[in-house]
Amino acid sequence: MSTPKSSSFFGSTQTTNGCVMVVEDDPNIRNHVSKLLEKKGYDVIEVENGTKAIETIGSGENPLVVDVVIADIDKPKGMEAINFLKKEYPRVSVIALTGLEEKLKTTQVETKVVILGAGKGGSAFLDLLNHLPEVEIVGIADKVASAPGLISARQLGVPVWDNIIELIAQEDVNLIVDVTGNPEMAQIIEKHKSDTAEILSGTASKLLWDVVRYESQMQSHVLQTEKMSNLMKAGMIFDYLIKPVKEDKINSVIIQAMDHREIAKL
Numbered sequence: 001m002s003t004p005k006s007s008s009f010f011g012s013t014q015t016t017n018g019c020v021m022v023v024e025d026d027p028n029i030r031n032h033v034s035k036l037l038e039k040k041g042y043d044v045i046e047v048e049n050g051t052k053a054i055e056t057i058g059s060g061e062n063p064l065v066v067d068v069v070i071a072d073i074d075k076p077k078g079m080e081a082i083n084f085l086k087k088e089y090p091r092v093s094v095i096a097l098t099g100l101e102e103k104l105k106t107t108q109v110e111t112k113v114v115i116l117g118a119g120k121g122g123s124a125f126l127d128l129l130n131h132l133p134e135v136e137i138v139g140i141a142d143k144v145a146s147a148p149g150l151i152s153a154r155q156l157g158v159p160v161w162d163n164i165i166e167l168i169a170q171e172d173v174n175l176i177v178d179v180t181g182n183p184e185m186a187q188i189i190e191k192h193k194s195d196t197a198e199i200l201s202g203t204a205s206k207l208l209w210d211v212v213r214y215e216s217q218m219q220s221h222v223l224q225t226e227k228m229s230n231l232m233k234a235g236m237i238f239d240y241l242i243k244p245v246k247e248d249k250i251n252s253v254i255i256q257a258m259d260h261r262e263i264a265k266l
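The letter at position 175 of the sequence shown is residue 175 when you use UniProt numbering, and the numbering goes up by one with no holes.
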């Protein structure tokens, strides 16, 4: 099937390969996707969220001149826009855009963790463990008040402790992660920790971080891929793109979406 043509959304007489609306709150990603599309000869409308998408698509003389919508579904308003489009403009092909990131949540807490050191290593563990189910970060401590991990902890609502001894001595702590790099810290921990608390430090802590990070990424990937599959089966979206978007991938998906839209008109 030949590539469908459409007029510009804003009334331009110039014909293009079609008109694509990009819905993405990150301006860098939005600009990147738009440039890839414009390079392939598409008219592009950029909007930052689902609310703007809903407002914009109905603001022209002929809203259906928008052939394809690429919407970030990682944000609640992204799915709201998709639901609106499928209801009001069912012939517009919708492609989901996702970073394949989905935080897992549970009400059950099994492991309570303390992080000692809030530099690069502590920050990495904080970001990682904060996304894991059945883990509670009891607190994080560092002798440097401006350490990046402490700043992140405050933003995430994780307790920041000034007194490292009191943090180590918490009775309900299961695991103490030592990423201070201080060779004397091992003795301090042994002296003040509860009998039930285990210690993770040095090479072992790095290995755990690598393993858990990989597992978390894989789990998130599986869940999000299943979500995409269900949306496609339900006819909510035509396909999906993963950030960062590759030029060859977006081109092939858009062409197929254009053809799909033309078939839907028959």
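Positions of the beta carbon are idealized from the N, C-alpha and C atoms, including for glycine.
Q | Spatial neighbours of K75 in its chain, beta-carbon cut-off 8 Å, leaving aside the 5 residues before and after | A | Here residue 75 refers to the residue found at position 75 of the sequence shown. Excluding residues up to 5 positions away in sequence, D25, N49 and G50 lie with their Cβ nearer than 8 Å to the Cβ of K75 in the same chain.
**Q.** For V113 and V135, believed in contact at Cβ under 8 Å, the rounded distance
**A.** Reading the sequence shown from its first residue, position 135 is the one you call residue 135. Reading the sequence shown from its first residue, position 113 is the one you call residue 113. Confirmed, about 6 Å.
Q.
Threshold first: 4 residues or longer. Then list the alpha helix (DSSP H) segments lying entirely within the region 215-249, N to C.
A. DSSP runs (the alpha helix (DSSP H)) wholly in the region 215-249: none.
Q. What does a CB cutoff of less than 7 Å around residue 283 pick up in its chain, not counting 5 residues either side in sequence?
A. Examination of residue 283 is not possible in this model, given that the chain is present from 1 through 266 alone.
Q.
What does DSSP give as the partner residue(s) for E136 in the beta ladder?
A. For the purposes of this step, residue 136 is taken as the residue at position 136 of the sequence shown. Note: E136 sits in a beta bridge opposite K112.
Q. Going straight from the alpha carbon of H221 to that of M236, what length do you get?
A. As a position in the sequence shown, residue 221 is number 221, starting the count at 1. As a position in the sequence shown, residue 236 is number 236, starting the count at 1. Going by the C-alpha atoms only, they are around 20 Å apart.
(Q) I'd like to confirm something about L150: is its beta-carbon nearer than 7 Å to some heavy atom of the ligand HEM, or not? (A) Ligands are entirely absent from the displayed structure, and the ligand HEM is therefore not among its contents.
Q. Applying the criterion that 16 or more other CB atoms from any shown protein chain within 10 Å of the CB defines a buried residue, is S93 buried or exposed?
A. Position 93 of the sequence shown holds residue 93. It is buried - the Cβ of S93 has at least 16 other Cβ atoms within 10 Å.
Q. Touch check for the region 117-129 and the region 169-181: three-plus C-beta pairs under 8 Å?
A. yes
**Q.** Between the CA atoms of Q187 and Q224 - distance to the nearest angstrom
**A.** Stepping through the sequence shown from its first residue, residue 224 is reached at position 224. Stepping through the sequence shown from its first residue, residue 187 is reached at position 187. About 44 Å.
Q: Could you say if the region 246-256 and the region 30-46 meet the contact criterion of at least three C-beta pairs nearer than 8 Å?
A: With the cut-off at 8 Å, the region 246-256 and the region 30-46 touch.
Q.
Can you list, in chain order, the residues of its chain with a C-beta nearer than 7 Å to that of F125? Leave out the 5 residues immediately preceding and following it.
A. Counted from its first residue, the sequence shown places residue 125 at position 125. For F125, where only same-chain residues beyond five positions count, the Cβ hits under 7 Å are I115, V177, V179 and W209.
**Q.** I168 burial status per 10 Å Cβ neighbour count (16 or more: buried)
**A.** Within the sequence shown, residue 168 is the residue found at index 168, counting from 1. I168 is buried by the Cβ-count criterion.
(Q) Helix, strand or coil, according to DSSP, for T180 in the structure here? (A) Residue 180 sits at position 180 when you count from the first residue of the sequence shown. Correct three-state label for T180: coil.
Q. Excluding five sequence neighbours on each side, which residues of the same chain lie with their C-beta closer than 8 Å to the C-beta of I45?
A. Translated into the one-based positions of the sequence shown, residue 45 becomes position 45. Result list for I45: F9, C19, V20, M21, V22, T56 and V66, in chain order.
(Q) Could you compute how far the alpha carbon of V68 sits from the alpha carbon of Q217? (A) Residue numbering aside, residue 68 sits at position 68 when the sequence shown is read from its first letter. Residue numbering aside, residue 217 sits at position 217 when the sequence shown is read from its first letter. Cα to Cα, V68 sits roughly 29 Å from Q217.
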